[in-house]
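Below: the structure, in structure tokens.
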Amino acid sequence: MEGGKAQKVYEVFAPSYKWTHDANSHVLQIDIPGFKKEEVYVQVDSTAGKLVVRGEQWAGDTKDSNLEKIKHFNLDLDVPEDSNFKEITGRFQQYCALLVTIPKNKGQRDIDVVLENIKINRRDIVIAAAAFTIGFYVSRGLRSIGE
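The following block contains the structure:
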């Protein structure tokens with residue numbers, strides 16, 4: 004293509020990602036090594052409950068001077084139902100990862116805290132019951148030896 008623009012050749016990149024959750028929020032970490040902040044686009048679709056993350060990066064010229072290589076990714080992710088879309092924040096770790104923090108709706112946070120406390124209390128109750136049972140059997144065994 005003399006005098007014209009070079010054709011773009013897209014290299015599809017599939018970044019790895021993972022969700023973590025706590026009582027207050029959902030955190031999405033997307034590993035996008037080599038990408039800069041200005042090469043990544045994030046869109047929230049609260050109606051559909053989706054988070055769309057796209058990236059495009061110039062990856063160099065090919066041997067054919069009429070071709071330009073572009074590294075590209077596109078993630079279309081479902082966001083947990085209890086998410087507060089109005090308070091989503093993002094943080095870019097340069098040349099490494101994008102962290103998206105999605106707070107939970109207040110009502111769900113309260114429920115999660117109560118459930119977490121129940122899990123802790125339940126464990127303590129099970130331990131106390133086991134200790135009581137063991138103590139009861141030991142004391143019965145000691146009584147029968149003394150008789």
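In short: position in the sequence shown from 1, add 3, done, that's our numbering. Ideal Cβ positions, reconstructed from N, Cα and C, are used throughout, including at glycine. Being a predicted model, the structure only gives us computed values, none of them experimental.
In angstroms with no decimal places, state the Cα-to-Cα distance between G52 and E84.
Distance between the alpha carbons of G52 and E84: 7 Å.
Since V82 contacts L102 with CB under 8 Å, what's their CB separation in whole angstroms?
No, V82 and L102 are not in contact; Cβ-Cβ is about 15 Å, not under 8 Å.
Helix, strand or coil for G138 per DSSP?
Per DSSP, reduced to three states, the secondary structure at G138 is helical.
Measure the alpha-carbon distance for G63 versus S86 and round it to whole angstroms.
Those two C-alpha atoms are separated by around 39 Å.
Who pairs with K72 in a beta bridge, going by DSSP?
The partner list for K72 (beta bridge, DSSP) reads V12 and G63.
For D34 and N27, what's the separation of their Cα atoms in angstroms?
Their Cα atoms are separated by approximately 23 Å.
Excluding the 5 residues flanking Q10 on each side, which residues of the same chain have their C-beta closer than 8 Å to its C-beta?
Cβ neighbours of Q10 within its own chain (closer than 8 Å, five residues either side excluded): M4, N69, L70 and E71.
Where the beta strand (DSSP E) containing P106 begins and where it ends:
Per DSSP, P106 belongs to the beta strand (DSSP E) from A100 to P106.
Between the CA atoms of I128 and Q96 - distance to the nearest angstrom
Near 43 Å, if we compare the C-alpha coordinates of I128 and Q96.
Strictly by DSSP, which residues pair up with F95?
Its beta-bridge partners are L101.
Taking the straight line between their C-alpha atoms, what separation do you get for E119 and H29?
Each residue's CA atom was taken as its position, placing E119 and H29 some 16 Å apart.
Hey, Y20 and L78: beta-carbon distance below 8 Å or not?
Against a cut-off of 8 Å, the Cβ pair of L78 and Y20 comes out as a contact.
Span separating the alpha-carbon of F76 from that of I105
Here the alpha carbon of F76 sits roughly 22 Å from the alpha carbon of I105.
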